[in-house]
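Residue numbers (the numbering used here): 37 to 498.
We put the CB at the ideal spot given by N, CA and C, even for glycine.
Remember, it's a predicted structure, so these values are computed and weren't measured experimentally.
Just below is one structure, and these are the notes that go with it.
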Ligand code: NAD
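Structure follows, in structure tokens:
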């Protein structure tokens, strides 16, 4: 695979300060496909300086000009979507059709939405005798994970550009090639030098240097709750703004009046997509006791149908971790009805689509984020019981409710402590705010709420 051996800083690819590299591995066959530089504090410093130098001019551009650059970026992503999909498949392992539809497709939608929002957003409003201006926060340090490598970059960079901020991106070490392609796209789109900068590197080295850098005004982090907590503390200690998109353990609540077969089928598919590596996946399926056995049979059947169509997990560490969780589920008394801890292939980090029945809410597999193709069916007695179970984790990122009557589902969803709920299989909306309640995070991404994260207000009184 094609890789740059430098950092994209101030509009050009520049050699890294040090000589360390990161090997990029294809998780489907465990072969090294490329190497990228592992940047350090010096590279981060150069990138932040470039972003700061570019800030005054970019912040002063008319929103229509920023909208035009984001639209151009969207067009490059469209033109290069096959290359993007192939790159994501090579370094993340997602099956190519999924990479085409989701990993390449969704960022195009999101970039398009911010091209429109940049042009239409009210950056100035009258409030009584005041004029309130929404001004860019400044230099953004963006730290992203590997599971939706391009989406998570675009969900930060597009609104930051729309707001008039400049950016330094530190992408996940497992998926740097997608990030390098994105930097090429930004360049092709004619975004001025220094407005967007890329430093590849390890989290505890380059990521930490970025979060700590005094030239960064906002740290926008997506990743695990453990690292998010640390990053948030670092940013908070320096009185920097911070946005955290963290883990999840979402509930798929199937009320007795729902279409059970559909709810179970869509629910299993939701978890298996991207090999279960989705923060908002509905990994706990809550079923009324009267329908429980039927739901278990349907879920086992749905998972078995997935068979070989599921991609590998991203790396050896996640492979061991997810299989460890499955072993723990068995050890704690849950009943395996599909899949299991054995690796289904000799090569590649594959895990079989796995379904657990007889899961109780306090089990580890019902509390902790597994981040693999594992769904747990939990029994409930009545609606209050279902609500208690649904809300009974430290997370609150997403969820689903199914009912015969939409109003019944909405009434339940309104009682859930979570940031986003799909009603009877509702469709993805790139303008709907996405983000967590409780330990799933702070702040929102996407749409106008996502744009607001990159703005600060100034009031002038008359
Ligand atoms: P991670 O927390 O290990 O890494 C995320 C990013 O943080 C990477 O770029 C990594 O290099 C960097 N990092 C690691 N240590 C750091 C440090 N000490 N200082 C600064 N940066 C550091 O997470 P991951 O394993 O890459 O991704 C999976 C996690 O991301 C899951 O928990 C998942 O739920 C979460 N996630 C959340 C959302 C959301 O929107 N809420 C979306 C996708 C993924």
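Is residue i near the ligand NAD, going by C-beta to nearest heavy atom under 7 Å?
{"i": "residue 407", "result": "yes"}
{"i": "residue 228", "result": "no"}
{"i": "residue 315", "result": "yes"}
{"i": "residue 209", "result": "yes"}
{"i": "residue 281", "result": "yes"}
{"i": "residue 318", "result": "no"}
{"i": "residue 49", "result": "no"}
{"i": "residue 491", "result": "no"}
{"i": "residue 182", "result": "yes"}
{"i": "residue 258", "result": "yes"}
{"i": "residue 155", "result": "no"}
{"i": "residue 467", "result": "no"}
{"i": "residue 239", "result": "yes"}
{"i": "residue 387", "result": "no"}
{"i": "residue 266", "result": "yes"}
{"i": "residue 263", "result": "yes"}
{"i": "residue 179", "result": "yes"}
{"i": "residue 244", "result": "yes"}
{"i": "residue 456", "result": "no"}
{"i": "residue 476", "result": "yes"}
{"i": "residue 215", "result": "no"}
{"i": "residue 285", "result": "no"}
{"i": "residue 334", "result": "no"}
{"i": "residue 206", "result": "yes"}
The beta strand (DSSP E) spanning residue i covers which residue range?
{"i": "residue 374", "result": "371-374"}
{"i": "residue 415", "result": "410-416"}
{"i": "residue 208", "result": "That residue, residue 208, is in no beta strand (DSSP E); it is neither H nor E in DSSP."}
{"i": "residue 161", "result": "160-163"}
{"i": "residue 44", "result": "42-45"}
{"i": "residue 494", "result": "491-497"}
{"i": "residue 320", "result": "320-324"}
{"i": "residue 50", "result": "48-51"}
{"i": "residue 102", "result": "That residue, residue 102, is in no beta strand (DSSP E); its alpha helix (DSSP H) goes 99-115."}
{"i": "residue 70", "result": "67-73"}
{"i": "residue 234", "result": "232-234"}
{"i": "residue 363", "result": "Run containing residue 363: none in the beta strand (DSSP E); it sits in the alpha helix (DSSP H), 352-367."}
{"i": "residue 254", "result": "254-258"}
{"i": "residue 290", "result": "287-290"}
{"i": "residue 400", "result": "Segment 400-403 is the alpha helix (DSSP H) holding residue 400; no beta strand (DSSP E) there."}
Taking the continuous alpha helix (DSSP H) assigned at residue i, which residues delimit it?
{"i": "residue 438", "result": "No alpha helix (DSSP H) contains residue 438, which is instead part of the beta strand (DSSP E) from 435-438."}
{"i": "residue 270", "result": "261-273"}
{"i": "residue 336", "result": "328-342"}
{"i": "residue 308", "result": "296-308"}
{"i": "residue 392", "result": "That residue, residue 392, is in no alpha helix (DSSP H); its beta strand (DSSP E) goes 390-395."}
{"i": "residue 448", "result": "442-449"}
{"i": "residue 85", "result": "77-95"}
{"i": "residue 222", "result": "212-224"}
{"i": "residue 277", "result": "Per DSSP, residue 277 belongs to no alpha helix (DSSP H); it is in the beta strand (DSSP E), 277-281."}
Going straight from the alpha carbon of residue i to that of residue j, what length do you get?
{"i": "residue 444", "j": "residue 102", "result": "43 Å"}
{"i": "residue 326", "j": "residue 334", "result": "14 Å"}
{"i": "residue 98", "j": "residue 207", "result": "29 Å"}
{"i": "residue 495", "j": "residue 172", "result": "14 Å"}
{"i": "residue 238", "j": "residue 351", "result": "15 Å"}
{"i": "residue 197", "j": "residue 156", "result": "14 Å"}
{"i": "residue 420", "j": "residue 399", "result": "20 Å"}
{"i": "residue 179", "j": "residue 75", "result": "14 Å"}
{"i": "residue 167", "j": "residue 91", "result": "23 Å"}
{"i": "residue 498", "j": "residue 165", "result": "5 Å"}
{"i": "residue 83", "j": "residue 288", "result": "42 Å"}
{"i": "residue 447", "j": "residue 463", "result": "19 Å"}
{"i": "residue 33", "j": "residue 170", "result": "The structure shown does not extend to residue 33, since the chain is modelled only from 37 to 498, so the question has no answer here."}
{"i": "residue 2", "j": "residue 183", "result": "Residue 2 is absent from the structure shown; the chain starts at 37 and stops at 498."}
{"i": "residue 284", "j": "residue 358", "result": "15 Å"}
{"i": "residue 426", "j": "residue 303", "result": "15 Å"}
{"i": "residue 269", "j": "residue 467", "result": "29 Å"}
{"i": "residue 214", "j": "residue 388", "result": "26 Å"}
{"i": "residue 109", "j": "residue 300", "result": "38 Å"}
{"i": "residue 437", "j": "residue 104", "result": "39 Å"}
{"i": "residue 211", "j": "residue 59", "result": "10 Å"}
{"i": "residue 340", "j": "residue 151", "result": "42 Å"}
{"i": "residue 235", "j": "residue 45", "result": "8 Å"}
So residue i and residue j are in contact, right, with Cβ under 8 Å, and what is the actual spacing, rounded?
{"i": "residue 190", "j": "residue 228", "result": "About 19 Å; that fails the 8 Å criterion."}
{"i": "residue 435", "j": "residue 473", "result": "Between residue 473 and residue 435 the Cβ distance is about 10 Å, and since that is not below 8 Å, they are no contact."}
{"i": "residue 64", "j": "residue 384", "result": "5 Å"}
{"i": "residue 308", "j": "residue 412", "result": "Not really, about 14 Å apart at Cβ, beyond 8 Å."}
{"i": "residue 252", "j": "residue 175", "result": "5 Å"}
{"i": "residue 396", "j": "residue 410", "result": "About 16 Å separates the two Cβ atoms, so there is no contact after all."}
{"i": "residue 246", "j": "residue 119", "result": "Not quite, the Cβ-Cβ distance comes to about 27 Å (not below 8 Å), so this is no contact."}
If you scan the region 121-203 from start to end, which runs of the alpha helix (DSSP H) of 4 or more residues do you find wholly inside it?
141-156, 185-199
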